[in-house]
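**Q** Counting with mature numbering (1 follows the signal peptide of the UniProt record, and there is no 0), you get residues -21 to -1, 1 to 144 for the letters of the sequence shown.
For glycine and all other residues, C-beta sits at the position ideal for the given N, C-alpha and C.
If you're wondering where the values come from, they're calculated on a predicted model, not measured in any experiment.
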Amino acid sequence: MKRLFGWALLMMCLMSVGAQAQQENTEAEAVTDEEIEKFASMKDSVNHFMEVKQAELESMIKDNEIFDVARYNEIKEAWGDDAKLAEINITDEEKAEYAKILETKNSLSDVIKERMIALIKDDEVLGAATYNKVNAAMKTDPEVKAKVDELIAEKASARTPEEEE
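Take a look at the structure:
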């Protein structure tokens, strides 16, 4: 009986120490306005980079010398089905050009991800610890998420036309 009581007392002590440590961690993990600002700036930079790359891809399709947008869409619908490609009389030149566009399109997510990782790892821009801290706070605190979203929107609307190009 004494042994059981001893174990129960030990467990209660460990739980209270764990709860106290968790509370201290939560207090230590409070996100500052500066960290939120850095996080929002990084996200805005990534969003802007993504918009620029998307515009480049759209230009690649619209300004294409091999086919126009309607033909691009026709090839896109038939792509992967040899019978449909034969039916639309696709040329080797069109196949090569469409494959080039498709490769660019497929590589975009990797390029954007690499850009984001580079910004996160750069301590002058954000830093991995700050990224993780703010990201975790956004998941648990709707107020932090709202602040970040608001700052990102402000930064996007404050861009000059030169930055948009």
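Since R94 and V31 should fall inside the 8 Å C-beta cutoff, what is the C-beta to C-beta distance between them, to a whole number of angstroms?
**A** About 10 Å separates the two Cβ atoms, so there is no contact after all.
**Q** Return the residue from the list I91, A19, F28 that minimises the CA-CA distance to residue 158.
**A** Examination of residue 158 is not possible in this model, given that the chain is present from -21 through 144 alone.
**Q** Alpha carbon to alpha carbon, how far is F46 from I99?
**A** Computed Cα separation, rounded: 39 Å.
**Q** Indicate whether I15 and V104 have their beta-carbon atoms separated by less than 8 Å.
**A** Contact flag unset, no.
**Q** Secondary structure at R138, three-state DSSP: helix, strand or coil?
**A** Coil, per DSSP.
**Q** Can you tell me whether DSSP reads A9 as helix, strand or coil?
**A** Correct three-state label for A9: coil.
**Q** Does the distance between the C-beta of E129 and the nearest non-hydrogen atom of the ligand ADP fall short of 7 Å?
**A** Among the components of this structure there are no ligands whatsoever, and the ligand ADP is therefore not found.
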